[in-house]
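One structure below.
Residue numbers (the numbering used here): 10 to 189.
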């Protein structure tokens, strides 16, 4: 479904194989995806609640979209050269989390009010550039090339048990930096 300039007063459930594209839409509740093909939030869309996806191919938050809650992606099923999660030029008031999935995970030029957590993902490239993060940036147990550059992190920047180790440079961290 494509929601262009639409207002949804409740929640949206995106089911197996379905696609949801918001183009300047407003959702007063949450978006939940289970086995969906695509959730693409763009063109200054506003999601008041959380965006939660499980076993979904791709979740894209871009184009000045604002999410009032968290963006959580678990067990993404994207192929190697496809975004499992892309958060770009947007605002997420809560956490951004990608866990136990496949595909690229990227956060670029985004304001994240909480933590950015990327844990136990495979087969992707991981790029976190020029974000403002109100909490911690945690990058643990991922397989694939990672780049963490130019971020402003109010909490801690932690990178552990990744293969290979990510490139980490030019970040401003108010808390501790732990790299292994």
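Don't be surprised by glycine CBs; every beta carbon is placed ideally from N, CA and C.
Given the structure is predicted, the values throughout are model-derived calculations rather than measurements.
How many whole angstroms separate the CB atoms of residue i and residue j, which I take to be in contact at a CB cut-off of 8 Å?
{"i": "residue 91", "j": "residue 68", "result": "Not confirmed; about 11 Å, so no contact."}
{"i": "residue 39", "j": "residue 61", "result": "7 Å"}
{"i": "residue 182", "j": "residue 171", "result": "About 17 Å; that fails the 8 Å criterion."}
Are the beta-carbon atoms of residue i and residue j separated by less than 8 Å?
{"i": "residue 135", "j": "residue 123", "result": "no"}
{"i": "residue 140", "j": "residue 111", "result": "no"}
{"i": "residue 98", "j": "residue 71", "result": "yes"}
{"i": "residue 79", "j": "residue 104", "result": "yes"}
{"i": "residue 54", "j": "residue 85", "result": "no"}
{"i": "residue 178", "j": "residue 149", "result": "no"}
{"i": "residue 23", "j": "residue 45", "result": "yes"}
{"i": "residue 163", "j": "residue 142", "result": "yes"}
{"i": "residue 37", "j": "residue 76", "result": "no"}
{"i": "residue 107", "j": "residue 130", "result": "yes"}
{"i": "residue 157", "j": "residue 173", "result": "no"}
{"i": "residue 127", "j": "residue 93", "result": "no"}
{"i": "residue 29", "j": "residue 17", "result": "no"}
{"i": "residue 117", "j": "residue 146", "result": "no"}
{"i": "residue 50", "j": "residue 74", "result": "yes"}
{"i": "residue 43", "j": "residue 13", "result": "no"}
Taking DSSP as the reference, what is the three-state secondary structure of residue i?
{"i": "residue 185", "result": "coil"}
{"i": "residue 65", "result": "coil"}
{"i": "residue 48", "result": "strand"}
{"i": "residue 91", "result": "coil"}
{"i": "residue 140", "result": "coil"}
{"i": "residue 35", "result": "strand"}
{"i": "residue 25", "result": "coil"}
{"i": "residue 174", "result": "coil"}
{"i": "residue 13", "result": "strand"}
{"i": "residue 18", "result": "coil"}
{"i": "residue 179", "result": "coil"}
{"i": "residue 196", "result": "With the chain covering only 10 through 189, there is no way to say anything about residue 196."}
{"i": "residue 163", "result": "coil"}
Over what stretch of residues does the beta strand (DSSP E) that includes residue i continue unbroken?
{"i": "residue 98", "result": "Per DSSP, residue 98 belongs to no beta strand (DSSP E) and is neither H nor E."}
{"i": "residue 158", "result": "155-158"}
{"i": "residue 57", "result": "Per DSSP, residue 57 belongs to no beta strand (DSSP E) and is neither H nor E."}
{"i": "residue 223", "result": "Residue 223 cannot be examined here, being either before or after the span of the chain that is shown, 10 to 189."}
{"i": "residue 41", "result": "40-43"}
{"i": "residue 116", "result": "113-117"}
{"i": "residue 147", "result": "146-149"}
{"i": "residue 126", "result": "125-128"}
{"i": "residue 106", "result": "105-108"}
Is there a C-beta anywhere in chain D that falls below 8 Å from the one on residue i?
{"i": "residue 17", "result": "Among the protein chains of the structure shown there is no chain D, as only one such chain exists."}
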